[in-house]
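K.L.:
Numbering (UniProt numbering), first residue to last: 1 to 758. Glycine residues also receive a C-beta, built at the ideal position from the N, C-alpha and C atoms.
1) In three-state DSSP terms, what is residue 258?
2) Which parts of the segment 182 to 262 are runs of the beta strand (DSSP E), unbroken and 3 residues or longer, counting only runs that do not cross its ends?
3) Can you check the UniProt repeat "FG-GAP" (68 to 126) for any beta strand (DSSP E) of at least 3 residues that lies completely inside it and give the ranges in chain order?
4) Is the Cβ-Cβ distance between residue 624 and residue 562 less than 9 Å?
5) In this structure, what does DSSP give as the bridge partners for residue 508?
6) Are the segment 494 to 502 and the segment 447 to 464 touching, with three or more C-beta to C-beta distances below 8 Å?
7) If you check the beta carbons only, do residue 212 and residue 360 fall under 9 Å apart?
8) Taking the continuous alpha helix (DSSP H) assigned at residue 761, which residues delimit it?
9) Where do the ends of the beta strand (DSSP E) carrying residue 371 lie?
10) Out of 263, 224 and 411, point me to the one whose CA is closest to residue 179's CA.
11) Going by beta carbon distance, what residues of the same chain come within less than 7 Å of residue 395, once the five residues before and after it are set aside?
12) Rounded to the nearest angstrom, what separates residue 2 and residue 182 at their Cα positions?
13) Under DSSP, the beta strand (DSSP E) around residue 166 begins and ends at which residues?
14) Assuming residue 41 contacts residue 14 under a Cβ cut-off of 8 Å, what Cβ separation, rounded to an integer in Å, is found between them?
15) Express the C-alpha separation of residue 230 and residue 310 in angstroms, rounding to a whole number.
16) Taking the DSSP output, what are the residues bridged to residue 696?
17) Ignoring anything shorter than 3 residues or poking outside the segment 646 to 715, list the beta strand (DSSP E) runs there in chain order.
18) Grab the span of the beta strand (DSSP E) containing residue 395 for me, first residue to last.
19) Which same chain residues, not among the five before or five after residue 608, have their C-beta less than 7 Å away from its C-beta?
20) Note down, in chain order, each residue of its chain lying with its Cβ closer than 8 Å to the Cβ of residue 754, except the 5 sequence neighbours on either side.
21) State the Cα-Cα distance for the pair residue 113 and residue 86, rounded to the nearest angstrom.
22) Going by alpha carbons, who is nearest to residue 556 out of 722, 210 and 645?
23) Taking 9 Å as the cut-off, decide whether the C-beta atoms of residue 124 and residue 70 are in contact.
24) Count the other CB atoms, across all protein chains shown, that sit within 10 Å of the CB of residue 36; report buried if there are 16 or more and exposed otherwise.
25) Could you compute how far the alpha carbon of residue 9 sits from the alpha carbon of residue 16?
26) Taking 8 Å as the cut-off, does the segment 520 to 536 touch the segment 632 to 642 (at least 3 CB pairs, one atom from each stretch)?
27) According to DSSP, residue 148 sits in a beta bridge with which residue or residues?
28) Anyone know if the C-beta pair for residue 228 and residue 316 falls short of 9 Å?
29) Ends of the beta strand (DSSP E) at residue 356?
30) By the three-class DSSP mapping on this structure, what secondary structure does residue 611 have?
In structure tokens form, the structure reads like this:
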């Protein structure tokens, strides 16, 4: 024997050459060779090789000259793909021979499978057109369905080759008869294909409404080897089929006002054309927006089995390689010139009415937008404004007459929030719109230094559909106006105190001296929040080991944690029972608008001795007790209050009579942190001094005298006056000597007075 051609396998022990078959799969008139290697191991992963089997197709390009092989690989492990290969002939009557390849141990229970591969001008299709499944299972051994194959035999004489499959494990043979193949040539005929919405030539049945319409023809013819003279098809027509389910269909059948229709189409005789005509109309243009995209019309057909001849053992099938869906498109006439193609030139500009927003503020913001079209009409033109997560859409600005009151709608797609404004359908050439969109920006606590609004005009035009992209950056800043204020109650102490003397070694609070209370309020005016603040008070505590203002109690309101250095009440004096705040202090705690520093009183202030200047005692010249407070979170409008209750150590000042003093506590604050990602360049800080005056005055001896004392004093005064008068009379104090002439005249007068009565 002489070797005329050698084919070598690529893997040892793959059983390359276990089966060999000859077939002209590409119909070039030259035989091609198929070689099976059923034990081929696929080594995609070296650690886990898979025995899948392969078949090699060597196509002959000239006498004894073969191309590199086309390789078909099995899909099931241990299926022994390629154990048998058979030439089938032309199963589907497409002019190319087909082959069958078996995998006798594939499938459930190793029942076996047979794969049908159709030929083409390039070789074999890489995907099987049909897979035959083994129907038998053996209890003792695999059925081996496909262990032997025989094809290219027309057993039933219907001009189509049949296939015989052996299953040695069950001792059975299966005969598969090829079914006649029907090839359908279907068409959709539209007239006109461009629809003018203004040309309303049809009338809806039982209505006076006129609509734009067009005719739709569905035509089909059939051909095939050994098929019946009468073939029935079931046709289904879908109007505007590219629109998603639930979307508005722009076209409907005039007769039933539906967008789909199923009907039978019977074709008598091969290559005999059968048509059926329908009228389709367009909805009113106010019912839909899309005028640019084509109106896609699809025809789907299948064989109507009810029209098959009775008694047929083998019924026909549609050609597997001929699409059973036909589509055609109609277009809506638009004002886009002779080519019916609109190319817009969309321009967009925008600016915010403020370039900065403040954390904690209401932050009402308006975007001033200008949209224009400098090209041809833009269909379904819409303005899209993407909203950052920190902002909320409020509405369109309508108070400005220069703004266009467009229709805008808030939408959400997945997690993207947006405002969509209708700019027209179409947005005609030369359109120029100005509008304002209002937003609130309340959620800024966890954001960075800025937020962005992204804007763009989009249309459904095919060419140049969108405008330029605009991104507006709004800066974010934290601003907190913080103030410290305070009050002293009383604002001044007048010494000495009437009917009171201090104890030399006081054991209770009342024996120390007059009550002095200082109240400090740290108020965050806002709008931003402060989260970490240091509040410090320098308290006039002592001078030269003598106490000045002796603290008994510190009270806080709000997020305050305070400590003192040194400790308060070092003498361990028994504090007095708590009492209600004075009206002025209560008002201070209730009303944050009360002025700070020293308060004026309506009571008259005694005059100070002119020669005595006021001595100011503060932390620069005396020893101060330090009060340090950590202040927590204060939102805008909130406050933290520190109240210090003390007593003036009277003994210290009574030793220095007539020396007026001013005791000053210095309170300061410094904001250390704000609860935001980015901190301001400068954080708030400040300080004030709260003063309590100690003055001296001459004791005021005027006091209220009881009425009985006044009456008794008057009576005693009258009695003393009477006794004094009587004593003077007795002593002749009221007698006096007169001149003699006067005495003679008096006697003569008395004589004259006595004469008439004689």
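P.N.:
This is what the structure gives:
1) coil
2) 213 to 223, 230 to 239 and 251 to 253
3) 70 to 73, 84 to 89, 98 to 103 and 113 to 117
4) no
5) 574
6) no
7) no
8) With the chain covering 1 to 758 only, the question about residue 761 has no answer from this structure.
9) 364 to 373
10) Comparing alpha-carbon positions, the option among 263, 224 and 411 lying closest to residue 179 turns out to be 224.
11) 438
12) 47 Å
13) 162 to 167
14) Sure, about 7 Å apart at Cβ, within 8 Å.
15) 13 Å
16) Under the DSSP definition of a beta bridge, residue 696 partners with 495.
17) 661 to 673 and 685 to 696
18) 392 to 396
19) A caution first: residue 608 carries a pLDDT of 46, below 50, which makes its placement in the model unreliable, though a value can still be read off. Cβ neighbours of residue 608 beyond the five flanking positions: 660 and 695.
20) Summary for residue 754: the model assigns pLDDT 49, below 50, so the residue's position carries little reliability; its value from the coordinates is reported in the next sentence. Excluding sequence neighbours, residue 754 sits near nothing in its chain.
21) The alpha-carbon atoms of residue 113 and residue 86 are separated by roughly 14 Å.
22) 645
23) yes
24) Flag for residue 36 reads buried.
25) 6 Å
26) yes
27) 166
28) yes
29) 356 to 358
30) Interpretation of residue 611 is limited by its pLDDT of 43, a score under 50 that renders its predicted location unreliable; the figure taken from the coordinates is listed afterwards. In the three-state DSSP reduction, residue 611 falls in the coil class, being neither helix nor strand.
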